[in-house]
Amino acid sequence: MSGARAIVSGLEKEGVEVIFGIPGGQSIPLYDALYDSSMNHILTRHEQGAAHAADGYARASGKVGVCSATSGPGATNLTTGIANAYMDSSPIVAITGQVPRASIGKDAFQETDIIGITMPVTKQSFQLRSVAEIPEVIKSSFYIAKTGRPGPVLIDIPKDIQEIEDEIDFNVKLELNGYKPTLRGHPRQIKEAAKLILEAERPVIIAGGGVIISEASEELMELARLIGAPVTTTLMGKGSFPEMDPLALGVLGMHGRKAANYAVTDSDVLISIGMRFSDRSTGAVSCFAPDAKIIHIDIDPAEIGKNVSVDIPVVGDAKTVLKELIRVLRKIMESEKSKAWQEKIKIWKKEFSPKMDYDDVPLKPHRVIKEIMDFLSEDDIVTTEVGQCQMWAHHYMGRSKPRSFISSGGLGTMGFGFPAAMGAKVAKPDVNVIDIAGDGSFLMNIQELATVVENNINVVVGVFDNHYLGMVRQWQELFYDRRYSSVYLGNLPDFV
């Protein structure tokens, strides 16, 4: 079996159904092997679009997304999408062609050190040096991508490895010495967390993307009901808790809801789950939840204490830890929590409820979002571009199910939303998928319109067309004396 056919067989054995990518000189043998495969290859119009589509596919489905590119510029074009997946803990496997082994390090045509380039933004990178190691590398890549804190893995494949014939044994035992993600939280830490929660008078839960990744929304709901705590989410955690629920505060942070930010600031105990206390969520750390004791539950120990000092760290999988925390709480709870804090939350939610039903002409974004919401079911998926459109969507658009809101949180990648919507629709063909876009961000990957048309991928794009890079312009208006430097987009195409 050739190396290329071994790679294809390995992907099929991992259950891969679709690959997003573009072939090139150093990946032709791989694509020749794909010709006879049951896997569907979607030819994107740019490698960045392929990476974002794989990311959107992964977030919508919970499976590993796969993208592919040739060496050199093809591989480097994937890098932004890989970095985006890394920042947002999204499981993708990126496969790149590479020059033959004998040419590596000699500045061959379209040679780049893609392993070195992507090292800071991948969980793991592999460069194949023999055909025999293909099964183990593919198994390892998918396991690493989807376990622990998920993230991207890159497999770099020299062209001669793709062409060489060799005996292949797919019955390899996976051995990853040193890679053992912690799932169960330490019992002592969980017990201490439970005691602190029961002592709290003003508890608040912050749910991050880790709740969605761990599929812990039911446990989150059970915990909130049990202790009577309001729930706010990060941008990445949006949808982990139904935003129409009486205990829901919406998103917190720089562009979040007032009620959420007031509640966090006034809290005495914060239960933070699967989130990393990014600057967009906390603002100035010195002013963040000044009177609160903080419990931080996260599967990645590197995130605990990185940005905010915590009182009780619990390293473990969100779902596993919450189940045990709920069990301990039920065992030691003696009475229901006071309703005074919940009443205060109700007052804040009513006082600061955003107005959306404007009748102004031209239309305000609030009203546009409201009208879109009226057409969406709870199963439909919303993706966003990056900029003001993203903030309007995550502030005003209520979502009630996990994996129904997909956005670029950590890297803030303009051009993410449309190819991500494409990937989400491929993953979930029976639900509606809409990309909430600004004109500037949509133009970043507008070429993928050709991809969705060619492949009958029916996504909807709602474009806020104001001829400006709106977020930058807003900052220039607020902080730079309205000196609007290089933000007017000029004459744009007729998007309709």
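Residue numbers (this note's numbering): 49 to 544.
Even glycine gets a Cβ: it sits at the ideal position worked out from N, Cα and C.
Just so it is clear, the structure is predicted and the values come from calculations on it, not from any experiment.
Asked: Please confirm whether Q390 and P278 have their CB atoms less than 9 Å apart.; Found: yes
Asked: What residues in its chain sit with their C-beta under 8 Å from that of Y406, if we drop five residues either side in the sequence?; Found: K412, H414, R415
Asked: Note down, in chain order, each residue of its chain lying with its Cβ closer than 8 Å to the Cβ of I482, except the 5 sequence neighbours on either side.; Found: I420, L424, D428, I429, V430, T431, A469, V507, V508, V509, G510
Asked: If you drop the 5 nearest sequence neighbours on each side, which residues of the same chain put their C-beta closer than 6 Å to that of G457?; Found: D136, L283, M284
Asked: Flag this pair as yes or no: are the beta carbons of A117 and G72 separated by less than 9 Å?; Found: yes
Asked: I want to know whether the segment 214 to 225 touches the segment 177 to 184 - three or more CB-CB distances under 8 Å.; Found: yes
Asked: Identify which residue in I245, A337, D327 has its Cα closest to the Cα of A311.; Found: A337
Asked: Mind checking which residues open and close the alpha helix (DSSP H) that includes L373?; Found: 366 to 380
Asked: Return the CA-CA distance between S109 and G471, expressed in angstroms with no decimal places.; Found: 10 Å
Asked: In or out: N493 buried (at least 16 other Cβ within 10 Å) or exposed?; Found: buried
Asked: Alpha carbon to alpha carbon, how far is S75 from A81? Give it in angstroms, no decimals.; Found: 10 Å
Asked: Beta strand (DSSP E) containing N88: first to last residue?; Found: 88 to 91
Asked: Three or more C-beta pairs under 8 Å: does that hold for the segment 349 to 366 against the segment 222 to 237?; Found: yes
Asked: Could you give the distance in angstroms between the alpha-carbon of I140 and the alpha-carbon of V479?; Found: 22 Å
Asked: Where I505 and I163 are concerned, what is the direct C-alpha to C-alpha distance, given to the nearest angstrom?; Found: 32 Å
Asked: State the start and end residues of the unbroken beta strand (DSSP E) segment that holds G510.; Found: 508 to 512
Asked: Could you say which of G276, Q146, G488, M49 lies nearest to V317 if we only look at CA atoms?; Found: G276
Asked: Put P251 into one of helix, strand or coil per three-state DSSP.; Found: strand
Asked: Relative to the C-alpha of I417, which candidate in K398, F400, C437 has its C-alpha closest?; Found: C437
Asked: Candidates V179, K171, P121, N125: which alpha carbon is nearest A156's?; Found: P121
Asked: Measuring CA to CA, which of D204, S189, R250 is closest to L222?; Found: S189
Asked: In the DSSP assignment, find the beta strand (DSSP E) that holds C437 and state where it starts and stops.; Found: No beta strand (DSSP E) contains C437, which is instead part of the alpha helix (DSSP H) from 436 to 444.
Asked: Whole angstroms are fine: how far does the CA of D208 sit from the CA of K111?; Found: 30 Å
Asked: Could you say which of P77, G322, R250 lies nearest to E211 if we only look at CA atoms?; Found: P77
Asked: Go ahead and pull the three-state DSSP assignment for E525.; Found: helix
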